[in-house]
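Per the working numbering, numbering through the sequence shown is continuous, rising by one, with the last residue being 389.
Note that the Cβ used here is the ideal one computed from N, Cα and C, for glycine as well.
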Amino acid sequence: MAVIKRLRIDGYKSIKHLDLELSSLNVLIGANGSGKSNFISFFELLNSIRNSFYFNEYVAEKAGADNFLFGGSKVTKKIESEVYFEDMLYKLYLSWQVGDRFSYNDEAFLNMHCISGYNDLTSEPNDVIIQYDNKKYLQFNSESLHFLNAYFNCKIYHFNDTSPDALIKKPQNINDNTYLKPNGANLSSYLYLIKEKYPEKFQYILDLLQLVAPFIFRLKPRPDERNPNYILLEWEHRKFKDKYFDINHLSDGTLRFLCIVTALITAEENATIIIDEPELGLHPHAISVLAGIMKSVSKQGKQIIASSQSVTLINEFKAEDILVSDLINNETHIRRLTQEEVEAWLEDYKIGTIWEKNIIGGTPGDFQ
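Quick look at the structure:
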């Protein structure tokens with residue numbers, strides 16, 4: 022697996038053209054409607070392609086191929102993308118077809134050594150060498166999905182639903198623990214697995230949780246005595262140890278924080294972790310702690326992309342960590358902020374405050 026170094030997208034939703042370099046830490050800001058969600062949803066599209074059986078279902082769930090195209094199928098007929106990894110390039114072409122569906126026959130993994138001009142490429146028995154722009158590339162054909170799975174490990178999280186009847190608060194099947202689900206619906210069973218197999222990670226998750234919820238003495242995911250095939254998430258109060266507490270007694274913000282920390286700490290090396298508005302429901306102190314965790318995790322070989330509307334969260338990062346999304350002429354433009362743009366302001370203000378003052382864009386006033 023490898024993190025994404027650069028991403029080019031043409032013709033996708035509000036993104037007419039985008040060529041963006043990604044680092045290990047990427048915090049996306051912008052006004053409502055500027056295209057942040059469209060940018061994140063492109064990674065959902067890539068995830069659906071990894072499971073080719075789910076791709077058509079995913080497109081149908083989103084109301085058809087027309088809704089994926091910039092300006093609709095009358096304006097745009099195809100989506101083109103290039104996803105650059107350390108040494109590989111994944112090229113994708115999705116063509117609109119009658120019946121409001123996509124054809125994705127034009128798909129290839131290209132070896133970056135060839136692009137760089139090296140001649141030390143070796144091909145496996147089933148690989149095919151093709152000509153492209155007068156250069157030799159390695160096309161994996163039917164194996165491209167295998168290589169996409171091998172290189173692209175992206176988890177996208179939306180921990181929004183913490184209502185009383187949310188799935189996350191219900192007993193969870195003990196075997197539903199392969200990965201943490203995008204909405205955290207299997208948090209209890211997943212934490213039980215981590216506790217049993219990776220106790221050091223489990224303790225680290227608890228240590229981080231206690232930074233924002235010091236009253237939690239111990240997390241206790243365990244099988245339900247009435248039905249051992251299901252896991253309950255209980256916890257012990259630091260003072261009231263004789264009282265019963267479970268996941269339903271956690272505040273929404275505390276539960277979301279636990280989900281985010283679990284996702285970040287248990288992610289594999291070289292994984293891309295995308296979190297939509299991680300600041301939801303969090304106290305300013307918790308937001309500051311979360312920012313520190315994000316920065317630490319991004320230095321451990323993991324890639325983080327977070328979309329945020331929180332000035333408090335943005336204040337915790339450096340200029341080069343920030344991606345600014347603006348809608349210009351009904352097109353989403355995303356750029357990385359530079360230190361030079363804000364140098365004169367940093368003596369008096371932090372990045373989030375500079376953003377709030379509409380100095381760097383990413384506000385409703387920038388819609389043109």
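{"Item": "Classification of Val119 by the beta-carbon crowding that lies within 10 angstroms, buried from 16 upward", "Value": "exposed"}
{"Item": "Tyr213 classed as buried or exposed, judged by whether at least 16 other C-beta atoms fall within 10 angstroms", "Value": "buried"}
{"Item": "Continuous beta strand (DSSP E) stretch holding Ser331: start and end", "Value": "Premise fails: Ser331 is in no beta strand (DSSP E) and is neither H nor E."}
{"Item": "DSSP beta-bridge partners of Ser116", "Value": "Lys99, Ser124"}
{"Item": "Boundaries (first-last residue) of the beta strand (DSSP E) holding Pro244", "Value": "237-244"}
{"Item": "C-alpha gap between Arg122 and Val282, whole angstroms", "Value": "38 Å"}
{"Item": "Residue burial classification, Lys260 (beta-carbon count within 10 angstroms, cutoff 16)", "Value": "exposed"}
{"Item": "Secondary structure of Tyr79, DSSP reduced to three states", "Value": "helix"}
{"Item": "Outcome for Arg277 when other beta-carbon atoms lying within 10 angstroms are tallied against a minimum of 16", "Value": "buried"}
{"Item": "Collapsed DSSP secondary structure at Leu201 in the structure displayed", "Value": "coil"}
{"Item": "Same chain, Cβ closer than 6 Å to Ser137, five either side skipped, listed in chain order", "Value": "Caution is warranted here: a pLDDT of 42 is assigned to Ser137, below 50, making its placement in the model unreliable, and the coordinate value is therefore given only provisionally. Cβ neighbours of Ser137 beyond the five flanking positions: none."}
{"Item": "Gln224 - DSSP class collapsed to helix/strand/coil", "Value": "helix"}
{"Item": "Sequence-distant residues of the same chain with beta carbon closer than 7 Å to Ala312, five excluded per side", "Value": "Leu334, Glu337, Phe338"}
{"Item": "Rounded C-alpha distance that separates Asn162 from Leu169", "Value": "In this prediction, Asn162 scores a pLDDT of 41, lower than 50, which makes its location untrustworthy; the coordinate-derived value is nonetheless stated afterwards. Cα-Cα distance, rounded: 12 Å."}
{"Item": "CA nearest to the CA of Glu257, picked from Lys316, Val345, Phe238", "Value": "Phe238"}
{"Item": "Cross-strand partners of Trp366 (DSSP beta bridge)", "Value": "According to DSSP, which records beta bridges pairwise, Trp366 is partnered with nothing at all."}
{"Item": "Local Cβ density within 10 Å of His354, reported as buried at 16 or more and exposed below that", "Value": "buried"}
{"Item": "Euclidean distance between Cα positions of Asp273 and Ser184", "Value": "8 Å"}
{"Item": "Same chain, Cβ closer than 6 Å to Asn147, neighbours up to 5 away in sequence not counted", "Value": "For Asn147, the predicted structure reports a pLDDT of 35, less than 50, and the residue's modelled location is therefore unreliable. The matter cannot be settled from this model."}
{"Item": "Per DSSP, the bridge partner or partners of Glu42", "Value": "Arg27"}
{"Item": "Ile349, DSSP secondary structure in three states", "Value": "strand"}
{"Item": "For Glu337, the first and last residue of its enclosing beta strand (DSSP E)", "Value": "Unbroken run through Glu337: none, as it is neither H nor E."}
{"Item": "For Tyr211, the first and last residue of its enclosing alpha helix (DSSP H)", "Value": "208-218"}
{"Item": "Cys135 to Tyr172 span [Cα, whole Å]", "Value": "Confidence at Cys135 is low in this model, with a pLDDT of 47, below 50, so its placement is unreliable and the value that follows should be read with caution. Approximately 18 Å, taken between the alpha carbons."}
{"Item": "Minimum length 3: unbroken beta strand (DSSP E) runs contained in the region 233-316", "Value": "237-244, 251-258, 293-297"}
{"Item": "Backbone secondary structure at Asn72 - three-state DSSP", "Value": "coil"}
{"Item": "Cut-off 7 Å between Cβ atoms - residues of its own chain near Lys203, not counting five sequence neighbours on either side", "Value": "At residue 203 the sequence reads Pro, which differs from the Lys that was named. Correct list, in chain order: Ile177, Tyr178, His179."}
{"Item": "Which of helix, strand or coil DSSP assigns to Gly322", "Value": "coil"}
{"Item": "Under the three-state DSSP convention, the category Leu358 falls into", "Value": "coil"}
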